[in-house]
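In our numbering, the protein residues as written are 505 to 778. Structure record follows, encoded as structure tokens.
Laid out in structure tokens, this is it:
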């Protein structure tokens with residue numbers, strides 16, 4: 505029997521219902537504060553698929569537009585209704601929403617062992633651009649007396665840092681000043697050597713960037729000062745396309761949580777937009 509559903513934005517009051525769905529297909533679930541923040545942002549959204557017969561949530565996606573770049577942050581379907589075409593419809597809707605927001609490039613992350621998702625994305629002309637790694641850094645991995653200093657970036661510094669570290673300033677600016685979102689720079693003797701967006705409540709850094717790997721563990725160790733919750737004994741680092749850094753972390757025995765592909769798709773402009 506085909507699924508009978510419709511798509512809409514979830515309400516703030518539907519957090520518990522959303523969370524129960526999220527737990528069925530993601531081991532790292534969305535935090536309540538992050539859910540609320542996305543619903544309040546003008547160029548970001550969650551869209552849920554709602555069963556018409558009983559109003560249950562069948563799946564959802566999360567997207568955001570950063571200037572001309574769109575990101576599909578999450579997409580998932582309840583295990584009981586997988587392989588019925590809902591994933592395809594959600595992806596199609598996410599792409600169309602980002603096109604309507606004026607995005608000319610769409611990006612997403614997918615685990616390298618998720619062949620079904622990779623094949624689906626390829627059907628929509630997504631191509632593998634690079635590989636990304638998420639590491640779990642235990643507090644016991646950190647060094648006691650790191651060199652240099654880590655500080656929060658200032659608003660006027662963001663364009664310069666994004667140029668130095670090849671980041672999208674529209675994306676970084678969107679998180680600047682938000683609760684539980686820090687834009688950090690690592691400096692040694694006045695030189696900017698590292699940069700990351702850090703979430704103390706996740707906790708983790710994405711992306712984590714370092715220009716000189718000699719100072720890798722110094723920067724990593726200084727991140728711990730921003731985590732106040734005593735329940736944590738580790739944090740995550742997501743690293744894109746920095747092979748030397750990845751190998752150094754592996755050599756130090758720091759655990760890989762998972763490997764991801766960064767997949768991208770170009771969105772042609774319409775005649776009216778050209």
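Don't be surprised by glycine CBs; every beta carbon is placed ideally from N, CA and C.
For residue i: DSSP bridge partner residues
i	result
residue 691	653, 696
residue 573	570, 609
residue 587	The partner list for residue 587 (beta bridge, DSSP) is empty, contrary to what the question assumes.
residue 714	698
residue 639	741, 760
residue 563	553, 581
residue 708	703, 740
residue 686	702
residue 767	612, 632
Where residue i sits in the DSSP three-state scheme
i	result
residue 549	strand
residue 609	strand
residue 628	coil
residue 673	helix
residue 511	strand
residue 619	helix
residue 558	coil
residue 526	helix
residue 680	coil
residue 646	coil
residue 732	coil
Minimum C-alpha distance to residue i - residue among the options
i	options	result
residue 688	716, 729, 649	729
residue 659	621, 649, 677	677
residue 757	706, 764, 652, 646	646
residue 506	590, 579, 635	590
residue 544	533, 534, 516, 559	516
residue 653	699, 623, 619	699
residue 747	635, 711, 684	635
residue 585	568, 598, 599, 554	554
residue 537	772, 682, 709, 766	682
residue 766	755, 547, 743	743
residue 550	702, 559, 569, 556	569
residue 717	691, 547, 735	691
residue 709	605, 573, 638	638
residue 556	512, 769, 736	512
residue 697	605, 514, 668, 661	668
residue 592	661, 624, 574	624
residue 707	736, 526, 693	736
residue 720	644, 750, 617, 745	750
Distance CB(residue i)-CB(residue j) smaller than 9 Å
i	j	result
residue 630	residue 564	no
residue 595	residue 582	no
residue 762	residue 615	yes
residue 650	residue 725	yes
residue 738	residue 642	yes
residue 571	residue 675	yes
residue 610	residue 632	no
residue 579	residue 601	no
residue 760	residue 622	no
residue 686	residue 673	no
Boundaries of the beta strand (DSSP E) in which residue i is found, first to last residue
i	result
residue 738	738-744
Terminal residues of the alpha helix (DSSP H) in which residue i lies
i	result
residue 725	720-726
residue 534	Run containing residue 534: none; DSSP gives neither H nor E here.
residue 658	Per DSSP, residue 658 belongs to no alpha helix (DSSP H) and is neither H nor E.
residue 516	Unbroken run through residue 516: none, as it is neither H nor E.
beta-carbon residue i near the ligand FAD non-hydrogen atom, thresh 8 Å
i	result
residue 507	The ligand FAD is not part of the structure shown, which contains no ligands of any sort.
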